[in-house]
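Take 1 as the starting number for the sequence shown in the UniProt record's numbering and just add one per residue. We put the CB at the ideal spot given by N, CA and C, even for glycine. From a predicted model like this one, the values you see are computed outputs, not experimental measurements.
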Amino acid sequence: MSPELHRYYRSLAADTDERVLPAPDRLRRSADRRARRRAALTVLAAAGLVAGTVAGSQLVLAAGPGPDPVPPPAGTPTPRPSSAAPSVAPSPTTGSPTLGRTPGSRSPVVTTTPPAAAAPTTVPDRAFFVLPAANDAGTGNYFGPGPVLPALCGATPGDERVVARRARSLPYRRAGAPADEVPSGNYRHSITIYRSGGAGAALAELRAAVRACPEQPARGAPSVTVRQRLLPDTGYGDESVLFETRTPYRDANGDPSGGDEVHLVRAVRSGDVVTVLWEQGWESTSTQRPQFDADSRRAVEAIRRWLD
Numbered sequence: 001m002s003p004e005l006h007r008y009y010r011s012l013a014a015d016t017d018e019r020v021l022p023a024p025d026r027l028r029r030s031a032d033r034r035a036r037r038r039a040a041l042t043v044l045a046a047a048g049l050v051a052g053t054v055a056g057s058q059l060v061l062a063a064g065p066g067p068d069p070v071p072p073p074a075g076t077p078t079p080r081p082s083s084a085a086p087s088v089a090p091s092p093t094t095g096s097p098t099l100g101r102t103p104g105s106r107s108p109v110v111t112t113t114p115p116a117a118a119a120p121t122t123v124p125d126r127a128f129f130v131l132p133a134a135n136d137a138g139t140g141n142y143f144g145p146g147p148v149l150p151a152l153c154g155a156t157p158g159d160e161r162v163v164a165r166r167a168r169s170l171p172y173r174r175a176g177a178p179a180d181e182v183p184s185g186n187y188r189h190s191i192t193i194y195r196s197g198g199a200g201a202a203l204a205e206l207r208a209a210v211r212a213c214p215e216q217p218a219r220g221a222p223s224v225t226v227r228q229r230l231l232p233d234t235g236y237g238d239e240s241v242l243f244e245t246r247t248p249y250r251d252a253n254g255d256p257s258g259g260d261e262v263h264l265v266r267a268v269r270s271g272d273v274v275t276v277l278w279e280q281g282w283e284s285t286s287t288q289r290p291q292f293d294a295d296s297r298r299a300v301e302a303i304r305r306w307l308d
């Protein structure tokens, strides 16, 4: 050993002799603390470096162009570029409410009334009833002019409201009468169309005329008195008027022979149409009520089918 090195060693030994060396455990703990401190500082430095790197990359990405699109998978058709400008969502506005409907409610039910059928202006053949075979006299019927009501002291109920009228003469025979026998009676059957409301007025005037004319001289026989009177009646059409005429039986000379020849007249209203069945008899016969009522119903039913 050189003298210089020996001198340095002696100086170091003198310095260490004056100090107390720490115990081995304490020395190890101090070394461990220093090692942990150095490791913590190293981790903090690394974390700061990473944070700075990430922040810098974000700034660079924000300032630079957008990233390239991710290519579609193989086999996927490439969509054609659209030339339309991107749509801009309109600002919400409050729409006007739909008339007749509120949000959350069902559509309103519109009730419509079908147009009323036009009133007829002519009377066809099908408006007249057909006699059953048992009552057919075999003479047919005859359409022609003539009175449709008995004379009622000169009254003409409802004539100024008439739109159209047809009348016929229809001979008939009672059921069971011999086929070669003369007809049992004859109907003067008429159908009249009135202006709106005129049919009801015509029946009211007919009632008034019968009441105002309880009796009158017979046509062609001034010495013979004909009497008229109203009879109760229901169940025919919208309304009806029933009355009878009574004329004394006369012999070949025209003188009263006892008893009365009775004939019935029924006027039935169906809307603005009135049908009149006037039973006139045949060679001084009188009206049979059951037959007359049955034929009255047939007349009303024929009118109903026609108007329907």
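What does the alpha-carbon distance come out to for the pair residue i and residue j?
i: D125; j: R195; result: 21 Å
i: R207; j: V241; result: 7 Å
i: E160; j: A209; result: 15 Å
i: R166; j: V274; result: 11 Å
i: D136; j: L307; result: 25 Å
i: F243; j: L231; result: 5 Å
i: D233; j: P178; result: 32 Å
i: R227; j: P150; result: 11 Å
Does DSSP put residue i in a helix, a strand or coil?
i: A119; result: coil
i: N141; result: coil
i: G200; result: helix
i: A167; result: strand
i: W306; result: helix
i: D180; result: coil
i: P67; result: Confidence is the limiting factor: at P67 the pLDDT is only 47, short of 50, which leaves the residue's position unreliable and the question unanswerable from this model.
i: V162; result: strand
i: V226; result: strand
i: A221; result: strand
Residues bridged to residue i by DSSP?
i: L231; result: L242
i: D125; result: Per DSSP, none; premise fails for D125.
Starting from residue i and walking both ways along the beta strand (DSSP E), at which residues does that stretch end?
i: E215; result: E215 to A218
i: T192; result: G185 to Y194
For a minimum of 3 consecutive residues, which ranges assigned as the beta strand (DSSP E) are wholly contained in the segment 234-304?
239-250, 256-270 and 273-279
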